[in-house]
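Q: Residues in the sequence shown are numbered from 211 upward in steps of one, following the working numbering.
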Amino acid sequence: MADLISQIVSAFSRFTPSSALDIGIVTLLFYGILMLVRGTRADQVLRGIILLFIFFSLAAATFHLTMVDWLLSNSPLVLLVALPIIFQPELRRALEQVGRTSALINRPLATLSTPLQPSSADELIDAVVRLAERQYGALIVLEGNTGLEDFVRSGTRVDGEVTSDLLVSIFFPHSPLHDGAVIVRGDRLVAAGCVLPLSDNPAALGHGTRHQAAIGITEQTDAACVVVSEETGIISLARAGHLTERIPMERLARFLDAFYHTHLQTSTGQPRPWEASA
């Protein structure tokens, strides 16, 4: 007992502020990894790797398995190569999040496109109201600081002004571009008929393909996505991998104001499109 106490006292005597910093960094690193893979397929893979490692470590120690012990001692080198391949989507999402939170990166990227102006916001909301009333399925992606050029190339480049008529015509059921997504960059409708990645989050599997695509693109980027259900006409908003259904037009207007850091007040004093239809 005395030896144990002396060892504890000796350990605390060597504890310095740098040791606390070291422990804190490692703790945050492991916590970040766990939060990154939580709710994804990688979560199950990580659990399986940990359980197998514990099982074989106990077996090697109990039964003196020389070959198994040798494999375990050399496994870090193998995992160093295998883990980036297994967790590629999660690592990419983590690096994108780091890039989005860096002021040095965000400032030049933010200047690449102009914010959505009040008139364009009105047109966008008016289009959503008309699409919902007619139950035209729609998927409208609002680009943030993360560039969406990879997804723009998957569709048909439009590069037109954001107008209600243009959006309604694109999502008309017999239009050749109605099945894909449109991408809005600032005041321009960049492309239509774009293919988006589907979310692999189990919570998204209960939704339709459009809603899964909306969640997927907002998981991988800082974009926002407005979805109109073809079956019910319900309007939903996806942001940061979360889907809010039955969103009122007033709340959507406030979101656009916050998302683009512009004011949605018109100088004419006329009723807004969603107020006129209320």
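No residue lacks a Cβ here, since even glycine has one placed at the ideal position from N, Cα and C. These numbers were taken from a predicted model, which means no experiment stands behind them.
Please state if the CB of I335 and the CB of L462 are separated by a distance shorter than 8 Å.
A: Position 252 of the sequence shown holds residue 462. Position 125 of the sequence shown holds residue 335. Contact: yes.
Q: Distance, Cα to Cα, A320 vs F469?
A: Translated into positions along the sequence shown, residue 320 becomes position 110. Translated into positions along the sequence shown, residue 469 becomes position 259. Any reading at A320 must be qualified, since the residue scores a pLDDT of 40, below 50, and its modelled position is unreliable; no value is offered.
Q: So V339 and M459 are in contact, right, with Cβ under 8 Å, and what is the actual spacing, rounded?
A: As a working note, residue 339 is residue 129 in the sequence shown. As a working note, residue 459 is residue 249 in the sequence shown. That pair is a contact at about 7 Å.
Q: Within the continuous beta strand (DSSP E) that includes E371, where are the two ends?
A: Here residue 371 is taken as the residue at index 161 of the sequence shown, counted from 1. DSSP places E371 inside the beta strand (DSSP E), whose first and last residues are T366 to E371.
Q: Three-state secondary structure (DSSP) at D213?
A: To locate residue 213, count along the sequence shown from 1; it is residue 3. DSSP places D213 in helix when its eight states are reduced to three.
Q: When the distance is taken between beta carbons, is L387 closer than 8 Å to G403?
A: Counted from its first residue, the sequence shown places residue 403 at position 193. Counted from its first residue, the sequence shown places residue 387 at position 177. Yes. Within cutoff.
Q: Using a Cβ distance threshold of 8 Å, determine whether the stretch 345-364 contacts the stretch 387-398, with at least three qualifying pairs required.
A: The way I'd put it, the stretch 345-364 does touch the stretch 387-398; three or more beta-carbon pairs between them come closer than 8 Å.
Q: Quick one, which of L238, F222 and L453 has its alpha-carbon nearest V438's?
A: Position 228 of the sequence shown, counting from 1, holds the residue named residue 438. Checked all of L238, F222 and L453; the closest Cα to V438 is L453.
Q: For the beta strand (DSSP E) that contains V291, what are its first and last residues?
A: Position 81 of the sequence shown, counting from 1, holds the residue named residue 291. Run containing V291: none in the beta strand (DSSP E); it sits in the alpha helix (DSSP H), T276 to I296.
Q: Can you tell me whether DSSP reads S409 as helix, strand or coil?
A: By 1-based counting over the sequence shown, the position of residue 409 is 199. S409: coil per DSSP, three-state reduction.
Q: Would A433 and I427 qualify as a contact pair, given that the criterion is a beta-carbon distance under 8 Å?
A: Along the sequence shown, one-based indexing puts residue 433 at 223. Along the sequence shown, one-based indexing puts residue 427 at 217. For A433 and I427, yes; Cβs fall inside 8 Å.
Q: State buried or exposed for R302, treating a residue as buried only when at least 16 other CB atoms are found within 10 Å of its CB.
A: As a first step, residue 302 is located in the sequence shown; it is residue number 92 there, counting from the start. By the 10 Å Cβ count, R302 comes out exposed.
Q: Can you name, in chain order, every residue of its own chain whose Cβ lies under 7 Å from the Cβ of T366, other than the five neighbours on each side?
A: If you number the sequence shown from 1, residue 366 lands on position 156. Excluding residues within five positions, the ones whose Cβ falls inside 7 Å are L387, A401, A402 and G403.
Q: Classify A337 as helix, strand or coil using the three-state DSSP reduction.
A: Counted from its first residue, the sequence shown places residue 337 at position 127. Of the three classes helix, strand and coil, the one that applies to A337 here is helix, per DSSP.
Q: DSSP three-state label for T454, please.
A: Start at 1 with the first residue of the sequence shown, and residue 454 comes out as number 244. Strand at T454.
Q: By DSSP, does H390 sit in helix, in strand, or in coil?
A: Position 180 of the sequence shown, counting from 1, holds the residue named residue 390. The residue asked about is misnamed: residue 390 is Gly in this sequence, not His. The answer is coil: DSSP assigns G390 none of H, G, I, E or B.
Q: On the three-state DSSP scale, how would you describe R317?
A: As a first step, residue 317 must be located in the sequence shown, where it is residue number 107. In this predicted model, R317 has a pLDDT of only 42, less than 50, meaning its place in the structure is not dependable enough to derive any value.
Q: How is S385 classed by DSSP in three states: helix, strand or coil?
A: Here residue 385 is taken as the residue at index 175 of the sequence shown, counted from 1. In the three-state reduction of the DSSP assignment, S385 falls in the coil class.
Q: In the DSSP assignment, find the beta strand (DSSP E) that holds G403 and state where it starts and stops.
A: Here the question's residue 403 lines up with position 193 in the sequence shown. Run containing G403: R398 to C404, per the beta strand (DSSP E) assignment.
Q: Do you know offhand how far S267's Cα is from Q422's?
A: As a working note, residue 267 is residue 57 in the sequence shown. As a working note, residue 422 is residue 212 in the sequence shown. If I take the Cα positions, the gap works out to 40 Å.
Q: Looking only at its chain, what residues have a beta carbon closer than 6 Å to the beta carbon of A448, apart from the 5 residues adjacent to it on each side?
A: Position 238 of the sequence shown holds residue 448. For A448, where only same-chain residues beyond five positions count, the Cβ hits under 6 Å are A424, I425, T428 and C435.
Q: Can you check which of these residues, P383, I457 and F265, is closest to D279 by C-alpha distance?
A: The count along the sequence shown starts at 1 and reaches residue 279 at position 69. Closest in C-alpha terms to D279, from the list P383, I457 and F265, comes F265.
Q: If you run the structure through DSSP and keep just helix, strand and coil, what is A348?
A: Here residue 348 is taken as the residue at index 138 of the sequence shown, counted from 1. The answer is strand: DSSP assigns A348 an E or B state.
Q: Where do the ends of the alpha helix (DSSP H) carrying A468 lie?
A: Mapped onto the sequence shown, residue 468 falls at position 258. Annotation for A468: the continuous alpha helix (DSSP H) segment containing it runs M459 to Y470.
Q: Which of the three DSSP states, helix, strand or coil, is assigned to I444?
A: Against the sequence shown, residue 444 aligns to sequence position 234. Three-state DSSP puts I444 in coil, outside helix and strand.
Q: Please go through the same chain and pick out, in chain order, the residues whose beta-carbon is closer than 7 Å to the beta-carbon of A269, but skip the five residues on each side of it.
A: Sequence index remark: in the sequence shown, residue 269 carries index 59 (1-based). So the list reads L275 and V278, once near-sequence residues are dropped.
Q: How should S446 be labelled, buried or exposed, when 16 other C-beta atoms within 10 angstroms of its C-beta is the threshold for buried?
A: Mapped onto the sequence shown, residue 446 falls at position 236. S446 should be labelled buried.
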